[in-house]
Amino acid sequence: MSDLISSRAHEILARSPRTVVLTTSLVSILAISTPWLVRNYRAYLALGPSGLPFGVFGWAVSTLSKPFGRETTSTGVYDEDLLKESWLEEPDSVPLRKGARPKTGWHFLPHRQVDQHPDEGMKEIITTIFSKLASFNSNIVELAPSPHEKIHQGMVIHHSIPSPHQVAVDAWREIVHVHSGRDYSLHLILAPQDCKLVIERGWGERHPLSGVLKALPSQYLMVYAPRDDAELDAVEAIVKAAIGYMTNSHDVIS
């Protein structure tokens, strides 16, 4: 039997050596890469549900998007922007953030921080403040499923208000959403100079696809989850600035 198999193998190799070599190479690559793929898939699942399907298809899309990501912490793009107005009422309310930036996942779809998470009590307060800001400013904003993340609740420009600028149009009028149920970081859109301050003081970073996709302008930032009351105050000030910029209002109530 072994002689028969051996002779058939030699026959196949003689007839189509290129196919055999390619097949052998593919099998070898898969054998070597399978442990990495398994770890990578598990890392994707650990980030939690998002706007992508939560499974193999979503993982494939996320992984294939990786080469298109850009760096996230330079601020030159905001220096070049002609709009110099700030919506941060008091820039000192966003001081230099203590410690290193949190790590983010290898995948950026979804874009999440993977350490420095708030405790359960802080998570509840973050949710409460998000709802409070929406309620206090219900004349200019409203809550709806996040246009970007689908499964999270987003704060959007009130339907009665025209989009004040092209950034709002491109970003589907979404102002901010919280990644509740996981890391409690936020994605939001700020005025260019407020982006510069938030990034340089260590409170956030651009999404790796910001400025790559039309729906993610260069002002689309992740703001890291607050870990204590002082950080909570800073993050609330940043969210207020996002509401102000996206609705063109300097009268945001908190």
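So for the sequence shown, the working numbering puts the first residue at 503; every next one is plus one.
By construction, the Cβ of each residue, glycine as well, lies at the ideal position given by its N, Cα and C atoms.
In chain order, I659, V671, R675 place their CB closer than 7 Å to the CB of S665, counting only its own chain and leaving out the 5 sequence neighbours on each side.
For Y722, the enclosing beta strand (DSSP E) stretches over residues 722-725. Rounded to the nearest angstrom, the gap between the Cα atoms of G601 and A744 is 24 Å. Between H613 and P551, the C-beta gap is not smaller than 8 Å, which leaves the two residues out of contact. Residue state for S712 is assigned as strand, using DSSP reduced to three classes. For I659, the uninterrupted beta strand (DSSP E) segment begins and ends at 655-659.
In the three-state reduction of the DSSP assignment, V558 falls in the helix class. Assigned with DSSP and collapsed to three states, T629 falls in helix. For A673, the number of other beta carbons within 10 angstroms of its own is at least 16, and it is reported as buried. In this chain, the beta strand (DSSP E) harbouring L688 covers 688-691. Nearest to R703 by alpha-carbon distance, out of D685, I740, D731, is I740. Note that the C-beta distance between G746 and V754 is below 8 Å.
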